[in-house]
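Residue numbers for the sequence shown follow the numbering used here, so the first one is 1354 and each next one is one higher. Encoded as structure tokens, the structure appears first; notes follow it.
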Amino acid sequence: MSQRPVLTPRPLTHGDRVAIVSPAGIIKPQMVYNCLPVLADRGWVPYVGENTFNRYGTFAGTDEERYSDLETALLDPDTRAIFCSRGGYGAVHLLERLDKLPLREDPKWIVGYSDISALHALMTKHGIKSVHAPMCKHIATTRGRDDDSQALFRILEGGGQQRVGASHPLNRPGRAEGQLVGGNLAVIAGLISTGFDVIRPGKILFIEDIAEPIYKVERILYTLRLSGVLGSLAGLVVGQFTDYAPDRGSRTMEEMISRMVADYGYPVAFDFPFGHVDHNVPMLCSATVALDVDGSSATLTEVG
């Protein structure tokens, strides 16, 4: 992973163009159309990528079509942010070609979560901040008036990572500072041992997932444990794991994760409000943050 200084894309200002593209799954056009006026009301000039509504199997277009929209937005000097319409699966198809673009010459904000974690990994590799945050459906449904959308907009306008708090009885006290990396666990686990692997020693890792059985998440954590990476993190922030059932070994995902990291001394925070849930706070990938866990409470604050 790059050791170059981390770049922060230029803050959005009135009149900036922002793109909506579909790097992965198919999006219902109405979700995008309902999102456009919300972004326009912020003073930006939103536009829809040429292939945003395409269909190719389960994907929003062929690899070439999906790549083309991202390349166009990333290289357009007037486009300052790229909102991914939704997740799904497919962003990983585009990483090799996107990796060859001069991303640091004019860094743009990339916004999204779920499968878009692959694009956050790309930006982390290139030393550029990006935002793990709500996408079109959330923004359109809430009309951008909810706290999470407002926090996202503030980040894009230069406000930085907001102070995020959570509490849980399994929290492990401590303080750590480090680069915040992560996202959807299944997606970033699929990038282990590649050039896009963000799960590295000394990082503060944040994870979430949906519809993954407890044993499959445990398998990923064992891979990280056996490689030595799980024990060498600076801290761990556990978001929302949803749509799974208890198994004979663990009643909850949190119990299993707590058991997997019991041998390590870094702070661990559970039940942070991000993931495939309605309350999905923005997480500023690649930012330097402080994780403070005191008893059952925890906060995450940008420090650089």
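Every residue, glycine too, gets a C-beta built ideally from N, C-alpha and C. Nothing here was measured: the structure is a model prediction, and the numbers come from that model.
Please report the Cβ distance between residue i and residue j, rounded to the nearest whole angstrom; I am assuming they are in contact, meaning their Cβ atoms lie under 8 Å.
i                  : j            : result
phenylalanine 1436 : alanine 1504 : Incorrect: roughly 15 Å between the Cβ atoms, too far for contact.
lysine 1518        : alanine 1651 : Before going on, a small fix: residue 1518 reads as glycine here, not lysine. Confirmed, about 7 Å.
glycine 1531       : glycine 1588 : 7 Å
Counting along the chain, where does the beta strand (DSSP E) carrying residue i start and finish?
i               : result
serine 1483     : 1483-1485
proline 1399    : 1398-1401
serine 1520     : 1517-1520
valine 1646     : 1641-1647
isoleucine 1557 : 1557-1563
serine 1650     : 1650-1655
arginine 1370   : 1370-1374
threonine 1595  : 1588-1595
leucine 1365    : No beta strand (DSSP E) holds leucine 1365; DSSP gives it neither H nor E.
For residue i, count the other beta carbons within 10 Å of its own beta carbon; 16 or more makes it buried, fewer makes it exposed. Which is it?
i              : result
serine 1355    : Low confidence applies here, because serine 1355 scores a pLDDT of 47, under 50, leaving its location unreliable and the question unanswered by this model.
tyrosine 1342  : No answer is possible for residue 1342: the residues shown for the chain start at 1354 and end at 1657.
histidine 1485 : buried
leucine 1365   : buried
arginine 1525  : buried
arginine 1604  : exposed
valine 1646    : buried
glutamine 1383 : exposed
glycine 1555   : exposed
proline 1362   : buried
So the alpha helix (DSSP H) residue i belongs to, where does it begin and stop?
i               : result
arginine 1507   : 1500-1507
glutamine 1383  : 1382-1394
arginine 1433   : No alpha helix (DSSP H) contains arginine 1433, which is instead part of the beta strand (DSSP E) from 1432-1437.
isoleucine 1492 : 1489-1495
threonine 1477  : 1470-1478
isoleucine 1541 : 1538-1542
alanine 1426    : 1416-1428
isoleucine 1567 : 1567-1580
leucine 1451    : 1448-1451
isoleucine 1610 : 1606-1613
Are residue i and residue j close, meaning C-beta to C-beta below 9 Å?
i               : j                  : result
isoleucine 1563 : valine 1590        : no
leucine 1558    : isoleucine 1481    : no
leucine 1427    : lysine 1478        : no
glycine 1378    : phenylalanine 1412 : yes
leucine 1653    : valine 1614        : no
leucine 1448    : phenylalanine 1549 : yes
arginine 1370   : aspartate 1459     : no
| message | Closer than 8 Å is the cut-off here; do at least three beta carbon pairs connect the region 1468-1476 with the region 1432-1448? | response | yes
Discussion item. Would the region 1441-1459 count as touching the region 1390-1407 if we require 3 or more Cβ pairs under 8 Å?
Written reply: no
At least three beta-carbon pairs within less than 8 Å, the region 1631-1649 to the region 1570-1582: no
- Cβ contact check for the region 1483-1499 and the region 1610-1619: 3 or more pairs under 8 Å: no
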